[in-house]
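S.K.: In this note's numbering, the protein residues as written are 49 to 246. Just so you know, even glycine gets a beta-carbon here, dropped at the ideal spot from N, CA and C.
#1: Tell whether a beta-carbon distance below 7 Å holds between residue 209 and residue 168.
#2: Cα separation between residue 33 and residue 245?
#3: Since residue 78 and residue 92 should fall inside the 8 Å C-beta cutoff, what is the C-beta to C-beta distance between them, to a whole number of angstroms?
#4: Check whether the stretch 209-220 and the stretch 115-131 touch, using three or more Cβ-Cβ pairs below 8 Å as the test.
#5: Quick check: the stretch 150-163 against the stretch 222-237, are at least 3 beta-carbon pairs closer than 8 Å?
#6: Identify every run of the alpha helix (DSSP H) within the stretch 126-172, keeping only runs that are complete inside it and at least 4 residues long; order them along the chain.
#7: Suppose you measure from the CA of residue 68 to the CA of residue 172; what does that come to, to the nearest Å?
#8: Decide if residue 190 is buried, meaning its Cβ has at least 16 other Cβ atoms within 10 Å, or exposed.
#9: Distance check for residue 192 and residue 198, CA to CA, integer angstroms please.
#10: Quick check on the burial criterion: 16 or more other C-beta atoms within 10 angstroms. Buried or exposed for residue 180?
#11: Would you kindly check if the distance between the Cβ of residue 125 and the Cβ of residue 185 is under 7 Å?
#12: Once DSSP output is grouped into helix, strand and coil, what is the label at residue 111?
#13: Which of the three DSSP states, helix, strand or coil, is assigned to residue 194?
#14: Leaving aside the five residues before and after residue 156 along the sequence, list all residues of the same chain whose C-beta is less than 6 Å from its C-beta, in chain order.
#15: If distances are taken between C-alpha atoms only, which option among 82, 100, 205 comes closest to residue 66?
#16: What are the start and end residues of the alpha helix (DSSP H) that includes residue 89?
#17: Quick check on this structure: which residue in 143, 89, 207 has the alpha carbon closest to the alpha carbon of residue 74?
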């Protein structure tokens, strides 16, 4: 074989490896160009694959956004589980690890997840889907905190307060508007106050 025609030895990726590659490229696109730039055709172009490969994995842009949100949610849940397994059984410790897991996960994803969340919130169906993925995280938080509440439970309004405060503070930290430690401390205080009012 002449040196003018080098042999190409491209490794064929497994389905799982290809999906991982596509998700990594999608996160990069959102980070660099925003959620509006994230289309399946653009993802195929950036990943160096054909459109049918991308459509085979995600079918629609919404399917891709859902996959990104699922991945973020799974990471957040893992971080929370690991932190709760190591923390003291006190309200301050539990509130701190919830705050730390939430803020650290948001910081690790930078500003991408707010764009993905906003894109998913564009329709009632997508908002319901987002809330469904949120629910296991909320259930873990409720279980970790309920024993410290005077009533022995944490209601839905309290959990919504937790999510709202956690989203706002973690996004501010990811945007550089707040120091991460300040966001965590403020969220810890909000969680403790909410639990003690229940």
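M.R.: Quick look at the numbers:
#1: no
#2: The requested residue 33 is not part of the displayed model; the chain covers only 49 to 246.
#3: Going by Cβ atoms, the distance from residue 78 to residue 92 rounds to 16 Å, so no, they are not a contact pair.
#4: no
#5: yes
#6: 139-157, 160-168
#7: 28 Å
#8: buried
#9: 14 Å
#10: exposed
#11: yes
#12: helix
#13: helix
#14: none
#15: 100
#16: 88-95
#17: 89
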